[in-house]
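Engineer: Numbering (our numbering), first residue to last: 104 to 326.
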Ligand SMILES: [Zn+2]
């Protein structure tokens, strides 16, 4: 099975583009190690790459991605916990200052949670993973007459809040957050629009950031 040509072409483009410009940076990072200040917990979705959205260079973002950007609650048992391990490394070893939970519109994981009426089997990894979203759905309450698209948006955002709350179940992280040494943020990316909203902790509302730049850019005439 040949290595995908798309990846070979992409790597070639990286060689003559980014690597040529950032070779010193890569070398420096190899020597001194990484020290990103920001950790992002995002979704696996191929349209929502944190490095692309935040125009990040090598060494700038410590990223963990999973289906629907979920932070499972603290569970000190014998099982393997990927997100918890990444949190431990990001917070304990790298000492990141910010943790951003990045959710997004049209999230397939959130949609699967809403549509999945089948009883779950132990091998249904997505279904069992998405169960972690149940507290978010409970807080939101029944959909009622709300159009499905609006309900999904609300659940996508409630799921971000649920992940933020689960960060507080990690005792050491909680104390760092309470002392202001680590700050946590919720963000939401509109795939179709490219708009980025950030959650205001006081009001709980998601508000578009760089809205002026966005408006200016899309107000320009197109030819
Ligand atoms: Zn997603």
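All residues carry an ideal CB built from backbone N, CA and C; glycine is no exception.
Between the beta-carbon of residue 242 and the beta-carbon of residue 261, is there less than 7 Å?
Structural biologist: Your numbering for residue 242 matches position 139 in the chain shown. Your numbering for residue 261 matches position 158 in the chain shown. Yes, these two residues count as a Cβ contact at 7 Å.
Engineer: Buried or exposed: where does residue 283 fall if 16 or more other Cβ atoms within 10 Å of its Cβ makes it buried?
Structural biologist: In the chain shown, counting from the first residue as 1, residue 283 sits at position 180. Looking at its Cβ environment, which holds fewer than 16 other Cβ atoms inside 10 Å, residue 283 is exposed.
Engineer: Report buried or exposed for residue 135, applying the criterion of at least 16 other Cβ atoms within 10 angstroms of its Cβ.
Structural biologist: Translated into the one-based positions of the chain shown, residue 135 becomes position 32. The residue is exposed, with fewer than 16 neighbouring Cβ atoms inside 10 Å.
Engineer: Nearest-angstrom Cα distance between residue 185 and residue 322?
Structural biologist: The residue labelled residue 185 in the question sits at position 82 within the chain shown. The residue labelled residue 322 in the question sits at position 219 within the chain shown. Roughly 43 Å separates the two Cα atoms.
Engineer: Tell me which residue opens and which closes the alpha helix (DSSP H) that residue 217 is part of.
Structural biologist: Here residue 217 refers to the residue found at position 114 when the chain shown is read from its first residue. 211-218 is the span of the alpha helix (DSSP H), which, as asked, contains residue 217.
Engineer: Do residue 293 and residue 205 have their C-beta atoms closer together than 7 Å?
Structural biologist: By one-based count along the chain shown, residue 293 stands at place 190. By one-based count along the chain shown, residue 205 stands at place 102. No, the pair does not count as a contact, with Cβ atoms beyond the cut-off.
Engineer: Check whether the Cβ atoms of residue 165 and residue 199 lie closer than 7 Å to each other.
Structural biologist: Position 62 of the chain shown holds residue 165. Position 96 of the chain shown holds residue 199. Yes, the pair counts as a contact, with Cβ atoms nearer than the cut-off.
Engineer: May I ask you to check if the CB of residue 227 is nearer than 6 Å to at least one heavy atom of ligand 1?
Structural biologist: Your numbering for residue 227 matches position 124 in the chain shown. The answer is no for residue 227.
Engineer: Nearer than 6 Å: is that true of the beta carbon of residue 148 relative to any heavy atom of ligand 1?
Structural biologist: The residue you call residue 148 lines up with position 45 of the chain shown. Yes, ligand 1 has a heavy atom inside 6 Å of this Cβ.
Engineer: Between residue 203 and residue 290, is the Cβ-Cβ spacing less than 7 Å?
Structural biologist: Counting from 1 along the chain shown, the entry for residue 203 is found at position 100. Counting from 1 along the chain shown, the entry for residue 290 is found at position 187. Yes, these two residues count as a Cβ contact at 7 Å.
Engineer: Ligand 1 and residue 297: does the residue's C-beta get closer than 6 Å to at least one heavy atom of that ligand?
Structural biologist: Residue mapping note: residue 297 aligns to position 194 of the chain shown, counting from 1. No, the beta carbon of residue 297 sits no closer than 6 Å to any heavy atom of ligand 1.
Engineer: What does DSSP give as the partner residues of residue 203 in its beta bridges?
Structural biologist: As a position in the chain shown, residue 203 is number 100, starting the count at 1. Residue 203 is bridged to 143 and 288.
Engineer: Ordered along the chain, which non-local residues of its own chain (more than five positions away) have a Cβ less than 8 Å from that of residue 257?
Structural biologist: As a working mapping, residue 257 is identified with position 154 in the chain shown. Closer than 8 Å at the Cβ level, and outside the excluded window around residue 257, lie 243 and 249.
Engineer: Considering only their Cβ atoms, is the gap separating residue 171 from residue 217 smaller than 7 Å?
Structural biologist: Here residue 217 refers to the residue found at position 114 when the chain shown is read from its first residue. Here residue 171 refers to the residue found at position 68 when the chain shown is read from its first residue. No, Cβ-Cβ distance for residue 217 and residue 171 is not below 7 Å.
Engineer: Where residue 215 and residue 168 are concerned, what is the direct C-alpha to C-alpha distance, given to the nearest angstrom?
Structural biologist: Residue mapping note: residue 215 aligns to position 112 of the chain shown, counting from 1. Residue mapping note: residue 168 aligns to position 65 of the chain shown, counting from 1. Cα-Cα distance, rounded: 17 Å.
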